[in-house]
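*Asks:* Numbering (mature numbering (1 follows the signal peptide of the UniProt record, and there is no 0)), first residue to last: -35 to -1, 1 to 413.
The beta-carbon is built from N, C-alpha and C at its ideal position, and this holds for glycine as well.
Just so it is clear, the structure is predicted and the values come from calculations on it, not from any experiment.
The structure under discussion is supplied below as structure tokens; questions concerning it will follow.
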């Protein structure tokens, strides 16, 4: 999937603006909380006063606005936002050594339409996002994006504009408007402790060769319906418009029309939300696939346009060891397999496995330790053609990745994630072979 690139000048300017805004906000909130503790008379106070200590334990960086935020939420107005900064340094191997940083800012609101307008189970969401920075994969020489927040248009754009409703006591739900298809199908947020985009959310292969399935925050026109066949078994279907230019041209960040459309993408998924044993160990089992009606060039002879693109997946994550009666802490194993069509998909199959340990230490119940392995197989037709063209060259058939991270919650709204990746056989998709690479980096995240 194509990605637009911000220039160094633009990235630097936007980065400085973002940093300055955060510093001003931090100073304002801290000073305001401090001023309240100094000026409020505890004998005449009519409502609780938010102190700096309270602020550190708030659910958001911007605090509770003197109780107004909680009151607005109770009335049906919910606000959310976050800032994430990811940095990766290629310290050994790869195409060349270097460091890249990417940023993401998201802000939005969800309106509870049941409370506001009497629409049972109805919610309306509006969100915008901005991504800017550099792609560390250019230094590593890999096809997979090694910083999960890079791509989907490096620009200020619409992230969500949709209505969703839950009916029949949650047994049926639907969503219509503009929202990312990838947030609805083969989506595993538990894996986003790993910074490599090949793990976070869903396998990199599902969107890597298809403009039809967009990752967050790439909102796209579409609809999704989910129905529970049994209390813990669901069938989900969706249809979305495919407009590739919306994600490679900065001018189309808020494009709401159908101009530039190349087709439609249809998705389906059958899933089981498991709860096993006396502890009710949580698991998710999913099988699904998509068909994108867009034409795409043949992977060997690009002068030939092939009709349609296909991909399928099998995804499992299951807690196998729970700590405590509620099993909120424990060890989760995961496995994800994808298989694509051979005519116009560069990634033939993508397999990943690993574990996620929720709350690995009793003193750190909200931290997350994650380890993942993935293998991205190049389309066998591409490999065969290259070997026939240059039989004296040694070609590799897959890139492989190992990602180890530790997600640390410093406060309810401040997180850091040290991360180390080992990339094996980078350059497969550029028909080059670079030395295995070591990537050292991490993420800073602030929830507003």
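1. Quick check on DSSP: helix, strand or coil for residue 242?
2. Would you kindly work out how many angstroms separate the C-alpha atoms of residue 94 and residue 217, rounded to a whole number?
3. Using the three-state DSSP reduction, which class does residue 232 fall into: helix, strand or coil?
4. Looking at the structure shown, is residue 215 part of a helix, part of a strand, or coil, going by DSSP?
5. Comparing alpha-carbon positions, which option in 411, 359, 394 and 400 lies nearest residue 448?
6. Quick one, which of 274, 354, 302 and 122 has its alpha-carbon nearest residue 311's?
7. Once the 5 residues before and after residue 99 are set aside, which same chain residues still bring their CB inside 6 Å of it?
8. Report the option in 20, 80 and 67 whose CA atom is closest to the CA atom of residue 39.
9. I want to know whether the region 228 to 244 touches the region 200 to 207 - three or more CB-CB distances under 8 Å.
10. According to DSSP, is residue 145 part of a helix, a strand, or is it coil?
11. Return the residue from the list 384, 376 and 389 that minimises the CA-CA distance to residue 21.
12. Using a 10 Å radius around the Cβ and a threshold of 16 neighbouring Cβ atoms, would you call residue 57 buried or exposed?
13. Locate the beta strand (DSSP E) running through residue 365, then write down its first and last residues.
14. Which residue marks the beginning of the alpha helix (DSSP H) containing residue 81, and which one marks its end?
15. Is any heavy atom of the ligand GTP found at a distance shorter than 7 Å from the C-beta of residue 391?
16. Just verifying my parser: in three-state terms, what is the DSSP assignment at residue 271?
17. Bridge partners of residue 117, per DSSP?
18. For my contact list, residue 185 and residue 117 are in at a C-beta cut-off of 8 Å; report their separation, rounded to the angstrom.
19. Looking only at DSSP bridge pairs, what is residue 30 linked to?
20. Return the chain-ordered list of same chain residues with a C-beta closer than 7 Å to the C-beta of residue 245, the five sequence neighbours on each side being excluded.
21. Measuring CA to CA, which of 379, 254 and 45 is closest to residue 408?
*Replies:* This is what the structure holds:
1. coil
2. Rounded to the nearest whole angstrom, the C-alpha separation of residue 94 and residue 217 is 13 Å.
3. Three-state DSSP puts residue 232 in a strand.
4. Residue 215 falls in the helix class under three-state DSSP.
5. With the chain represented from -35 up to 413, any question about residue 448 goes unanswered, as that position is not in the structure.
6. 274
7. The answer, listed in chain order, is 65.
8. 80
9. yes
10. Coil, per DSSP.
11. Ranking 384, 376 and 389 by CA distance to the CA of residue 21 puts 376 first.
12. exposed
13. 363 to 376
14. It spans 78 to 82 - the alpha helix (DSSP H) in which residue 81 sits, taken as one unbroken run.
15. In terms of ligand content, the structure shown is empty, and the ligand GTP therefore cannot be addressed.
16. strand
17. None; residue 117 has no bridge partner.
18. Not really, about 10 Å apart at Cβ, beyond 8 Å.
19. Its beta-bridge partners do not exist; DSSP assigns none.
20. 292
21. 379
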